[in-house]
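Below is one structure, written out as structure tokens; comments come after it.
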Amino acid sequence: MHLPKHILLVEDDPAIAEPMRYALQREGWQVDWQTTAQGALHALTQQTFDGLILDVGLPDMDGFDLCRQIRQTYNTPLLFLTARNDEIERIIGLEIGADDYCAKPFSPREIISRIKAIWRRMQPAQADTPTQVDHLPIPNATINSTVQDTTPHQD
1088 MHLPKHILLV EDDPAIAEPM RYALQREGWQ VDWQTTAQGA LHALTQQTFD
1138 GLILDVGLPD MDGFDLCRQI RQTYNTPLLF LTARNDEIER IIGLEIGADD
1188 YCAKPFSPRE IISRIKAIWR RMQPAQADTP TQVDHLPIPN ATINSTVQDT
1238 TPHQD
């Protein structure tokens, strides 16, 4: 049995946070909702999270500054939520350490899908695992991994 995922949601607007928290909980995830950057920083010292969802516009600190502080210590997957939709804002968010960036309006289902996509990218890629090759011909040489020998061809 695996433990449920634990998400830190940092959003000061209850009209956005409440439906988001409900949707995340319906996925079977535990949600810690904080309305300030300071609350988020404190929560991070208290427990480990599987994902962070940060609003860029928080009342006590810019979300970008919060992200920079978080990235000094934590490598937890991070998704920005924001009303800012300028390209430069998205680029800044991604460059300072966000794994994804979603502009408002958005649906909770989209956020859930984006979080799952981030987690999939973090998993070891089974489909990308190289196939074992015991005998590999190369021009002017053959590598035989079963005997761990490289023999040049005589022309």
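Under this note's numbering, the first residue of the sequence shown carries the number 1088, and numbering increases by one thereafter.
Glycine included, every Cβ here is placed at the ideal spot set by N, Cα and C.
Collapsed DSSP secondary structure at residue i in the structure displayed
i       : result
Gln1112 : helix
Pro1101 : helix
Thr1169 : strand
Asp1152 : helix
Leu1141 : strand
Gln1210 : coil
Ile1199 : helix
Met1107 : helix
Gln1134 : coil
Gly1184 : coil
Thr1160 : helix
Whole-Å CB distance - residue i paired with residue j, under 8 angstroms assumed
i       : j       : result
Lys1092 : Gly1138 : 7 angstroms
Ala1170 : Gly1144 : 7 angstroms
Ala1104 : Trp1120 : 6 angstroms
Ile1183 : Arg1155 : 6 angstroms
Neighbour-count burial assignment, residue i, 16 or more Cβ in a 10 Å radius
i       : result
Ala1127 : buried
Thr1160 : exposed
Ala1102 : exposed
Val1220 : Per-residue confidence for Val1220 stands at a pLDDT of 47, beneath the threshold of 50, marking its modelled position as unreliable; no derived number is given.
Pro1198 : Rather than Pro, the amino acid found at residue 1198 in this sequence is Ile. Buried is the call here.
Glu1098 : buried
Leu1181 : exposed
Ile1157 : buried
Cα-Cα separation between residue i and residue j, rounded to whole angstroms
i       : j       : result
Ile1094 : Val1118 : 5 angstroms
Asp1187 : Ala1204 : 10 angstroms
Arg1208 : Thr1163 : 13 angstroms
Glu1256 : Asp1142 : Because the chain here runs from 1088 to 1242, residue 1256 falls outside it and cannot be looked at.
Leu1111 : Met1148 : 25 angstroms
Thr1135 : His1129 : 12 angstroms
Glu1114 : Pro1106 : 13 angstroms
Ser1194 : Ile1202 : 13 angstroms
Gln1210 : Glu1174 : 29 angstroms
Asn1172 : Cys1189 : 9 angstroms
Ile1140 : Leu1090 : 19 angstroms
Ala1124 : Gln1133 : 14 angstroms
Beta bridge counterpart(s) of residue i as assigned by DSSP
i       : result
Ala1190 : Thr1169
His1093 : Gln1117
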